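Engineer:
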Amino acid sequence: MTTRAKDIMVTKLVTAKPDETVLDAVRKMHEHGVGSVLVVDEEGRLVGIFTERDLVHLIAKGVPLDTQLAKVMRRSPVTASPEEPLSKIASKMIEHWLRHIPVVDEEGRPLGMISIRDVLRAVSSFETFP
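Written out as structure tokens, the structure is:
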């Protein structure tokens, strides 16, 4: 049986609007214990992603924390469909140097999130140890 995105994705999502600030996003990540925030429009469609890695780059560049996410988020993030196989998701993570991949429906609305930890957990469950 092939493991698919829907089998390993986390469905408790942390989202923000584009007009929220970097500090708002960081507080949400801290509060929920996650490493990324999905940025959604008024219709709930994914328009960007903001991650811990993005925060490090912003701090290094001296970007103020009151900057709106719309100005610093990664637009059009790499995504997966619910039926996408784990092997393809892992390949996307490697190819694009990603730690998080949102799972979206046909309209681009987030359904879940897959982190590198989720992929490793799924892969490690396939292993049999002596």
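Counted the way our numbering counts, the sequence shown spans residues 458 to 587.
Beta carbons: idealized from backbone N, C-alpha and C, even for Gly.
Here the structure is a predicted model, which is why all the values come from computation and not from measurement.
#1: Please determine, among S493, A579 and R566, the residue with the shortest C-alpha to C-alpha distance to G501.
#2: Can you give me the C-alpha to C-alpha distance between L526 and R532, rounded to a whole angstrom?
#3: With C-beta atoms as the reference, is I506 less than 7 Å away from A579?
#4: Can you check which of these residues, V497, T468, V467 and V576, is closest to P475 by C-alpha distance?
#5: Run the CB neighbour count on S523, radius 10 Å, all protein chains shown included, and call it buried at 16 or more, exposed below.
#6: Give the single residue among E499, G492 and I516 whose Cα lies nearest to the Cα of T508.
#7: Answer yes or no: do V504 and G569 have a C-beta to C-beta separation smaller than 7 Å?
#8: So, for P539: in the same chain, excluding its five sequence neighbours on each side, which residues have a beta-carbon less than 8 Å away from its beta-carbon?
#9: On the CB-based measure, 16 or more other CB atoms within 10 Å of its CB, does A517 come out buried or exposed?
#10: Can you give the beta carbon distance from S572 to H557, rounded, assuming they're within the 8 Å contact cut?
#11: Could you compute how far the alpha carbon of V483 sits from the alpha carbon of I546?
#12: At 4 residues or longer, and completely inside the segment 513 to 547: list those alpha helix (DSSP H) runs for me, N to C.
Structural biologist: Let me lay it out:
#1: Looking up residue 501 in the sequence shown gives position 44. Per the Cα distances, R566.
#2: Here residue 526 corresponds to residue number 69 of the sequence shown, with the count starting at 1. Here residue 532 corresponds to residue number 75 of the sequence shown, with the count starting at 1. Cα to Cα, L526 sits roughly 10 Å from R532.
#3: For the purposes of this step, residue 506 is taken as residue 49 along the sequence shown, with counting starting at 1. For the purposes of this step, residue 579 is taken as residue 122 along the sequence shown, with counting starting at 1. The answer is no: Cβ separation not under 7 Å.
#4: Numbered from its first residue, the sequence shown carries residue 475 at position 18. P475 has its Cα closest to that of V497, out of V497, T468, V467 and V576.
#5: In the sequence shown, residue 523 corresponds to position 66, counting from 1. The amino acid at residue 523 is misidentified as Ser; the sequence shows Asp. It counts as exposed.
#6: For the purposes of this step, residue 508 is taken as residue 51 along the sequence shown, with counting starting at 1. Here the closest residue by C-alpha is G492.
#7: Start at 1 with the first residue of the sequence shown, and residue 504 comes out as number 47. Start at 1 with the first residue of the sequence shown, and residue 569 comes out as number 112. No, they are not a contact pair.
#8: One-based indexing of the sequence shown puts residue 539 at position 82. Here the set comprises R461, A462, K463, M466, V560, D562, L568 and G569.
#9: Within the sequence shown, the letter at position 60 stands for residue 517. Per the 10 Å Cβ criterion, exposed.
#10: Position 115 of the sequence shown holds residue 572. Position 100 of the sequence shown holds residue 557. 5 Å between Cβ atoms; contact.
#11: As a working note, residue 483 is residue 26 in the sequence shown. As a working note, residue 546 is residue 89 in the sequence shown. Taking the straight line from one Cα to the other gives about 26 Å.
#12: The segment 513 to 547 contains these whole alpha helix (DSSP H) runs: 526 to 529.
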